[in-house]
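To keep things clear, I will list the structure first and then write my remarks on it.
There are 2 protein chains.
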Amino acid sequence: MKSTGQPTINDVARIAGVSKKTVSRVINRSPLLNQATREKVEAVIAELAYVPNPQARALALRRNFLLGLIHDNPNAQMVLNFQEGVLDAIQGTEFALVVRPVDRHSPSLFDDIRKFIEQQRLYGVMILPPLSENDALAALFRELGCNYVRMGSAPLDDAAHLVQSNDRQAVRDAVAYLVAQGHTRIGLVQGPDGFRSAAERELGWHDAMEAAGLPHGPDLMARGNYTFETGREAGGKLIDAAEPPSAIFASNDVMAAGVLHAARGRGLDVPQDLSIVGFDDTAIATAIWPPLTTVRWPIRTMARSAALKLIDPEAASGEQSLFPTDFIARASVAPR
Amino acid sequence: MKSTGQPTINDVARIAGVSKKTVSRVINRSPLLNQATREKVEAVIAELAYVPNPQARALALRRNFLLGLIHDNPNAQMVLNFQEGVLDAIQGTEFALVVRPVDRHSPSLFDDIRKFIEQQRLYGVMILPPLSENDALAALFRELGCNYVRMGSAPLDDAAHLVQSNDRQAVRDAVAYLVAQGHTRIGLVQGPDGFRSAAERELGWHDAMEAAGLPHGPDLMARGNYTFETGREAGGKLIDAAEPPSAIFASNDVMAAGVLHAARGRGLDVPQDLSIVGFDDTAIATAIWPPLTTVRWPIRTMARSAALKLIDPEAASGEQSLFPTDFIARASVAPR
DNA sequence: GCAATTTGGGAAACCGGTGTCAATATGTGC
DNA sequence: GCACATATTGACACCGGTTTCCCAAATTGC
Numbered sequence: 085m086k087s088t089g090q091p092t093i094n095d096v097a098r099i100a101g102v103s104k105k106t107v108s109r110v111i112n113r114s115p116l117l118n119q120a121t122r123e124k125v126e127a128v129i130a131e132l133a134y135v136p137n138p139q140a141r142a143l144a145l146r147r148n149f150l151l152g153l154i155h156d157n158p159n160a161q162m163v164l165n166f167q168e169g170v171l172d173a174i175q176g177t178e179f180a181l182v183v184r185p186v187d188r189h190s191p192s193l194f195d196d197i198r199k200f201i202e203q204q205r206l207y208g209v210m211i212l213p214p215l216s217e218n219d220a221l222a223a224l225f226r227e228l229g230c231n232y233v234r235m236g237s238a239p240l241d242d243a244a245h246l247v248q249s250n251d252r253q254a255v256r257d258a259v260a261y262l263v264a265q266g267h268t269r270i271g272l273v274q275g276p277d278g279f280r281s282a283a284e285r286e287l288g289w290h291d292a293m294e295a296a297g298l299p300h301g302p303d304l305m306a307r308g309n310y311t312f313e314t315g316r317e318a319g320g321k322l323i324d325a326a327e328p329p330s331a332i333f334a335s336n337d338v339m340a341a342g343v344l345h346a347a348r349g350r351g352l353d354v355p356q357d358l359s360i361v362g363f364d365d366t367a368i369a370t371a372i373w374p375p376l377t378t379v380r381w382p383i384r385t386m387a388r389s390a391a392l393k394l395i396d397p398e399a400a401s402g403e404q405s406l407f408p409t410d411f412i413a414r415a416s417v418a419p420r
Numbered sequence: 085m086k087s088t089g090q091p092t093i094n095d096v097a098r099i100a101g102v103s104k105k106t107v108s109r110v111i112n113r114s115p116l117l118n119q120a121t122r123e124k125v126e127a128v129i130a131e132l133a134y135v136p137n138p139q140a141r142a143l144a145l146r147r148n149f150l151l152g153l154i155h156d157n158p159n160a161q162m163v164l165n166f167q168e169g170v171l172d173a174i175q176g177t178e179f180a181l182v183v184r185p186v187d188r189h190s191p192s193l194f195d196d197i198r199k200f201i202e203q204q205r206l207y208g209v210m211i212l213p214p215l216s217e218n219d220a221l222a223a224l225f226r227e228l229g230c231n232y233v234r235m236g237s238a239p240l241d242d243a244a245h246l247v248q249s250n251d252r253q254a255v256r257d258a259v260a261y262l263v264a265q266g267h268t269r270i271g272l273v274q275g276p277d278g279f280r281s282a283a284e285r286e287l288g289w290h291d292a293m294e295a296a297g298l299p300h301g302p303d304l305m306a307r308g309n310y311t312f313e314t315g316r317e318a319g320g321k322l323i324d325a326a327e328p329p330s331a332i333f334a335s336n337d338v339m340a341a342g343v344l345h346a347a348r349g350r351g352l353d354v355p356q357d358l359s360i361v362g363f364d365d366t367a368i369a370t371a372i373w374p375p376l377t378t379v380r381w382p383i384r385t386m387a388r389s390a391a392l393k394l395i396d397p398e399a400a401s402g403e404q405s406l407f408p409t410d411f412i413a414r415a416s417v418a419p420r
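Respectively, the protein sequence lines represent chains A and B. In our numbering, each residue carries its 1-based index in the first sequence increased by 84. In our numbering, each residue carries its 1-based index in the second sequence increased by 84.
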């Protein structure tokens with residue numbers, strides 16, 4: 085007779101006058117169960133406020149109900165939105181979300197992740213860019229028999245293991261908008277080497293410039309690494325060129341803010357002297373002046389989809405895995 | 085003979101030629117164990133890459149190794165830094181971090197949290213502001229027998245359940261800095277009603293103004309709710325006043341960015357015409373122009389401390405629970 | 001050299017669930 | 001009224017660890 089602690093299935097069984105197994109059947113909505121029995125047991129469950137012990141279930145079922153999120157992303161808002169999206173998906177289920185920030189430059193990265201997976205025996209993991217672009221890492225998950233979903237900006241894997249946005253198309257459209265505003269020299273601040281998203285966004289710029297018959301040589305390109313400071317440097321380089329652009333597309337919002345900073349430091353007015361477009365629509369896009377024209381991708385929805393793919397692959401197989409982006413026009417672009 | 089799946093304690097015991105219990109003793113570093121036996125078992129463990137099943141351990145020990153993080157914070161960078169700090173603390177242990185974003189305005193907030201705690205049977209939870217300021221919530225955790233630590237800007241609880249920064253002192257110092265720069269009319273953009281941090285920061289401003297014998301009436305105060313937009317409105321209100329301030333302290337960085345925005349919209353130069361100071365030192369502080377003078381609080385260290393308090397209360401009892409802040413002088417302040 | 005005391009390690013029960021399979025009612029066809 | 005199918009429930013082993021209890025071997029004291 086234990087009075088302390090939460091009630092167990094044995095307590096419920098004893099009080100309801102049935103066997104453990106019957107209680108288990110009620111919990112799991114087994115169809116072969118008498119209605120009267122079910123109601124009797126449910127009444128006791130409600131009375132005791134009984135909640136099944138997930139650890140015991142995990143042990144018996146040989147799988148737990150933990151979803152992992154592995155990330156090393158410089159964009160906090162993005163990571164948090166992703167977490168919220170996962171929560172949308174697991175709301176009301178017995179799943180929980182375990183987070184694991186990592187350092188992608190750590191030499192022990194793979195060991196750390198392996199240890200994490202083996203220790204926690206996760207039901208599945210979700211991987212955020214840029215880690216998600218690492219095929220060796222995906223191979224590790226397969227080797228460990230751990231279900232996974234990668235979040236990406238381009239085809240990395242089969243649909244079952246991926247949620248993605250079409251960054252190339254999105255940037256193509258964004259740059260086409262600049263062209264429609266009369267801009268003919270449009271600079272590009274590239275993202276870092278090794279980021280798939282950076283490569284895709286560069287391709288989008290390239291596509292749009294080529295389609296419009298506009299120049300798109302290396303003198304219109306400068307590389308950053310998704311940080312404010314590198315965006316400022318790259319922007320400065322483009323602005324200081326012999327033939328500076330009248331508009332710049334930066335591969336993310338933070339770098340776009342850097343470009344803005346560089347322009348202002350040189351006495352340029354944005355958007356009159358220079359139009360700027362970013363990517364991500366994070367909080368900074370509306371926290372700077374002028375507010376930034378940018379591209380929003382539905383990260384929360386994508387996160388929900390990623391979690392569903394892990395929880396219930398069959399049900400999610402009908403779900404899309406390529407998500408559309410939104411172009412958000414704000415005051416940082418003016419007609420030429 | 086199971087070839088698939090991870091090795092269990094039984095596999096180790098069989099191969100090492102000892103009993104389960106002996107293996108368990110090795111894992112738990114029981115002292116009453118022969119050195120030779122220990123080494124033999126350890127060799128087998130290493131060979132099989134055996135990792136104890138945390139679910140089974142959790143079941144047998146009647147407690148699991150999950151730390152929960154409950155938050156509803158508008159500041160993504162802060163939440164993420166906190167997560168990283170917790171990870172610092174649990175690195176190398178068997179603990180994992182489970183996150184749970186919530187909506188503090190949801191009518192089912194308490195039910196949701198109660199369900200979360202009961203379902204997951206967490207080892208302990210950490211609560212971030214502003215949720216951490218809710219005493220009824222703390223009472224809920226006590227009722228549920230769930231260990232908790234609150235993160236706060238002022239005394240909310242006994243030291244064992246709290247990590248805090250001294251916001252009042254920090255703001256007092258920051259405003260004193262403005263006074264030292266020759267400013268005599270210094271405005272305050274308050275944080276939202278009901279936020280303890282907002283109240284503390286307001287007190288700090290009040291302290292400093294009073295100490296300097298400067299005016300600190302309601303005409304120098306305007307309220308925001310920690311968002312950019314409200315910061316912009318509050319800043320506009322102060323600037324448009326009959327006798328506008330030459331410097332403004334905003335209770336967080338995002339609102340400070342809003343004030344900057346408002347100033348620029350009215351043709352003021354920052355810092356020449358208006359000096360601005362923020363609070364938090366989040367990413368936005370250096371992503372705007374001019375970079376923001378602000379106050380940094382050691383959130384990552386505080387998070388580490390919070391996690392330690394949960395994991396090992398005795399060891400952490402010596403730890404401080406009041407953390408010092410840093411004043412970060414940048415270009416958004418100029419002498420009057 | 002023998003009893004007393006440590007020390008090392010095993011057997012079995014247990015944590016709180018689930019799966020398998022058999023047992024017990026109930027209903028059906030003849 | 002009887003053999004048989006079917007619906008409902010329970011007994012028991014099991015998931016992979018830990019704890020309790022106890023015994024055998026090794027060491028010590030005399």
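Note that CB positions come from ideal geometry on N, CA and C, so glycine has one too. Keep in mind that this is a model prediction, so the values were computed, not measured.
Taking a Cβ-Cβ threshold of 9 Å, none of the residues of chain B is close to Ala243 of chain A; the smallest such distance is about 27 Å. Scanning its chain for C-beta atoms nearer than 7 Å, with the 5 sequence neighbours on each side dropped, one finds around Leu376 of chain A the residues Asp337, Ala340, Ile360, Gly362, Ala369, Arg414, Ser416, in chain order. Comparing alpha carbon positions, the residue from B:Ala160, B:Arg269, B:Leu394, B:Arg256 closest to Ala325 of chain B is B:Arg269. Less than 8 Å divides the Cβ of Leu215 of chain B from the Cβ of Arg188 of chain B. Beyond the five residues adjoining it in sequence on each side, Phe279 of chain B comes within less than 6 Å, by CB distance, of Pro214 in the same chain, given in chain order. When rounded, the separation of the alpha-carbon atoms in Ala283 of chain A and Val273 of chain A is 11 Å. The C-beta of Leu171 of chain B comes closer than 8 Å to at least one C-beta of chain A.
Counting along the chain, the unbroken alpha helix (DSSP H) around Gln139 of chain B starts and ends at 138-145.
Listed by position along chain A, the residues whose Cβ is nearer than 7 Å to that of Thr370 of chain B are Phe312. Within the same chain, and ignoring the five residues on either side of Lys321 of chain B in sequence, the residues whose Cβ sits closer than 8 Å to its Cβ are Ala306.
Val343 of chain B has a beta carbon lying at 8 Å or more from every beta carbon in chain A.
In this model, Gly349 of chain B and Val343 of chain B are separated by some 10 Å (Cα to Cα). Secondary structure at Asp187 of chain A: coil, using DSSP grouped into helix, strand and coil. A distance below 8 Å separates the beta carbons of Val182 of chain B and Gln204 of chain B. Between Leu143 of chain B and Ala97 of chain A, the C-beta gap is not smaller than 8 Å, which leaves the two residues out of contact.
A distance below 6 Å between beta-carbons, with the five flanking residues on each side excluded, links Trp381 of chain B to the following residues of its chain, in chain order: Ser249, Thr409. At least one CB of chain B lies nearer than 8 Å to the CB of Pro138 of chain A. By the Cβ test, the stretch 149-168 of chain B is in contact with the stretch 386-396 of chain B, since at least three Cβ pairs between them sit closer than 8 Å. Judged by DSSP secondary structure, Thr92 of chain A falls outside any alpha helix (DSSP H); it is assigned neither H nor E. Counting along the chain, the unbroken alpha helix (DSSP H) around Ser281 of chain B starts and ends at 280-295.
Under the 8 Å criterion on CB atoms, Glu317 of chain B is classed as non-interfacial with respect to chain A. Taking Leu132 of chain B as the centre and dropping the five residues before and after it, the same chain places the C-beta of Pro91, Asp95, Val96, Ile99 closer than 8 Å to its C-beta, in chain order. Within its own chain, the residues whose Cβ lies closer than 6 Å to the Cβ of Pro419 of chain B, once the five positions on either side in sequence are excluded, are Gln265, Gly266, listed in chain order. In the three-state reduction of the DSSP assignment, Gly152 of chain B falls in the strand class. Minimum Cα-Cα distance from Glu327 of chain B among the listed residues B:Tyr310, B:Asn309, B:Asp303 corresponds to B:Asp303. Around Leu164 of chain A, the beta-carbon contacts reaching into chain B at under 7 Å are Ala160, Val163, Leu164.
Under DSSP, Val361 of chain B takes part in a beta bridge, and its partners are B:Phe333, B:Thr377. Residues of chain A with a Cβ closer than 9 Å to the Cβ of Glu168 of chain B are, in chain order, Pro185. Annotated as proximal: Glu178 of chain A and Pro138 of chain A, with beta-carbon spacing under 8 Å. Arg285 of chain B and Pro355 of chain B have their C-alpha atoms roughly 22 Å apart. Taking the Cα of Glu403 of chain B as reference, the smallest distance to any Cα among B:Val255, B:Leu246, B:Val263 is reached at B:Leu246.
Separation of the CB atoms of Ile154 of chain A and Arg184 of chain A is rounded to 5 Å, and the pair is thereby assigned contact status at 8 Å. Rounded to the nearest whole angstrom, the CA to CA distance from Gln161 of chain A to Gln119 of chain B is 51 Å. Contact with chain A is absent for Arg380 of chain B, since none of that chain's Cβ atoms lies less than 8 Å from the residue's Cβ.
Between the beta-carbon of Asn159 of chain B and that of Thr366 of chain B there is about 6 Å, and that keeps the pair under the 8 Å contact cut.
Cβ neighbours of Phe149 of chain B within its own chain (closer than 7 Å, five residues either side excluded): Pro138, Ala142, Glu178, Phe179, Ala180, Tyr207.
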